[in-house]
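Each step along the sequence shown adds one to the number in numbering that gives the first Met the number 0, with nothing skipped, and position 233 is 232.
Just so you know, even glycine gets a beta-carbon here, dropped at the ideal spot from N, CA and C.
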Amino acid sequence: MLYLNNKDIEEIVDKIDLIEILEKGFQMYGEKNYQMPERMHLNRDDDTILYMPCITKDIIGTKIISLFPKNKEKNLPVISGIMLLNDIDTGLPKGILDGSSITAYRTGALGATGIKHTTGRNCKNIGLIGPGVQGFHQLLLASKVRNIENIYIYGRNKENLKDFINRLKKKLPNINIRPADTSEELVKNSEIIITATPSESPVMPNNKELLKGKHIIAIGSYKYKMREIPDALYELIDEVYVDTELAIEESGDIIQPLEKGLINESQIKTLSEIMSKEKDFAKKTTLFKCVGMALLDVVVAEAIFTTALKLNKGTDIPL
């Protein structure tokens, strides 16, 4: 059995096209060519453990991920876990991959896929609210689908923000990267806005004029009480784009506006429904909300695993 840690995965992802892999995953999703039970949540206070199995024609995998927000105060990762891959013919375990890395890169590629299919093609200015692990990978992958010239970042912890920007500049040396003093300043200067926070209240001003024409990629909310998007945005959009219908059951950014009557279910479209359509979003206000799903985890993990075998990466572990 092959074990791939975060360093192994980091070396491999530069050699594969994660966005193309996710687009194939969305095609499977649209064709319903998979089995994916509802993911199991185990909750204790603010902490969550997620169990996410999936099987396709060629892949069997399960991701177990923990989200412990208070780990930040202990200088420990907020997100951690493992990804288990099984042999499709025998069912035997064939690979264990670092689950937090799979989550980070899959979610980054998911946001970038949303940008590719729900934003104006000529967008050059992008903002991030929430400079954490997820936000870092969001920006790395976003830069692969749009010709980004300026990145604005807002975070309340100024020391963390400074460190985040310094690390990002090493990865994206040809892009202007700067902090924003307020979320309002960030929204004003950005065409695409990524929100990647565990917030329970909106992280952008509730201002229709400010939000008009903006493209929002909402990553953070995966529970009913979590909310990043203000009410005003829903009054500006014709449709809400999601990665999976599970968003209707899980995310406060979808459930709460539905309860308030700000949107209705007929307006909610999955990314797989619109990917093949050539729509021009340049002058529209858009929202792509993703919560993630096991199908996308397993297709990303399998691609990384297969590439690792070809490149002789990772550590063999006897069963």
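| Item | Value |
| --- | --- |
| Simplified DSSP state of LEU83, which is helix, strand or coil | strand |
| From GLY29, LEU167, ASN206 and ARG155, residue whose alpha carbon lies closest to that of THR196 | ARG155 |
| Three-way DSSP call (helix, strand, coil) for ILE18 in this model | helix |
| Per-residue burial, ARG38 [other beta carbons within 10 Å of its own, 16 or more giving buried] | buried |
| Pairwise C-alpha distance: ILE125 and HIS214 | 9 Å |
| Distance CB(SER189)-CB(PRO204) smaller than 8 Å | no |
| Under the three-state DSSP convention, the category PHE25 falls into | helix |
| Identity of the residues DSSP links to ASP57 by a beta bridge | BP columns for ASP57 are empty, so no partner. |
| Range of the contiguous beta strand (DSSP E) that encloses LYS93 | 92 to 97 |
| Identity of the residue in ASN85, LEU139, ALA281 and ALA217 nearest GLY291 by Cα | ALA217 |
| Inter-residue Cα distance where the pair is ASP237 and ASP230 | 14 Å |
| LEU286 beta carbon less than 8 Å from that of TYR240 | yes |
| Helix, strand or coil at ASP237 [DSSP, three-state] | coil |
| For PRO204, the three-state DSSP class (helix, strand or coil) | coil |
| Contact under 8 Å by Cβ, TYR233 with PRO256 | yes |
| Spatial distance of GLY98 from GLY60 (CA atoms) | 12 Å |
| Supposed close pair ALA141, ILE164 - CB separation, criterion 8 Å | ALA141 to ILE164, Cβ: 16 Å. No contact. |
| DSSP state of ASP162 mapped onto helix, strand, coil | helix |
| Burial state of ALA281 (16 or more Cβ within 10 Å) | exposed |
| For ILE101 and LEU139, the rounded distance between their alpha carbons | 15 Å |
| Inter-stretch contact at 8 Å, needing at least 3 Cβ pairs: the segment 295 to 307 / the segment 50 to 59 | yes |
| Pair within 8 Å by beta-carbon distance, PHE25 and SER271 | yes |
| Given VAL132 as reference, the closest of PRO36, ASP7, LEU167 and GLU208 once Cα atoms are compared | LEU167 |
| Residues near LYS14 in its chain [Cβ-Cβ closer than 8 Å; skip 5 each side] | THR306 and LEU310 |
| LEU17 beta carbon less than 8 Å from that of TYR104 | yes |
| Rounded straight-line distance, which links the Cα of ASN263 to that of LYS278 | 22 Å |
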